[in-house]
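Terminal number for the sequence shown in my numbering: 107, no gaps in between. All C-beta atoms, glycine included, are put in the ideal place defined by N, C-alpha and C. Inspection log for the structure reproduced underneath, given as structure tokens.
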Amino acid sequence: NINKDEIIVRGSWVHNMPKGLPDTSGLRILRQGLLLGEMKKQRFEPSQALANTLHIEDYDKTISFFVDDHRTIRYLKGETIELDGDYEDGWYLIAVEGFPLGWAKVANNNLKNKYFPGWRWM
């Protein structure tokens, strides 16, 4: 669980700081706490690190594929996926059989892949 009192914003980056850490104001820290995401143009974009710490029960909007579903490979390659059904626009936690992989943004039933670029399959 993330306590709002443990959230700090440095520049555009939003972090969750563990309890008991000393004040690091004025220090240059390479990595501090859990990177929750980044503020871009007045909106929050969740981080890959946040996705990797969540369980699918922790987030309301999830899409879970099966291991043998062709969309799993397409997601891992970083492709946009057209969804069947009626999905509300917004951020979704993408999982494979309940295991979170990363984020996607859904707009007009198109899943725009936000999987970490350095981890994408070629």
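- Across the set A92, L21, Y72, I58, the C-alpha of L21 shows the shortest separation from the C-alpha of S32.
- Annotation: R105 is outside any alpha helix (DSSP H) and is labelled neither H nor E by DSSP.
- Between the stretch 40 to 52 and the stretch 75 to 88, the count of C-beta pairs closer than 8 angstroms reaches three or more; the two stretches touch.
- Take the alpha-carbon of E67 and the one of V91: they are about 9 angstroms apart.
- Counting only the Cα atoms, Y60 lies some 11 angstroms from P102.
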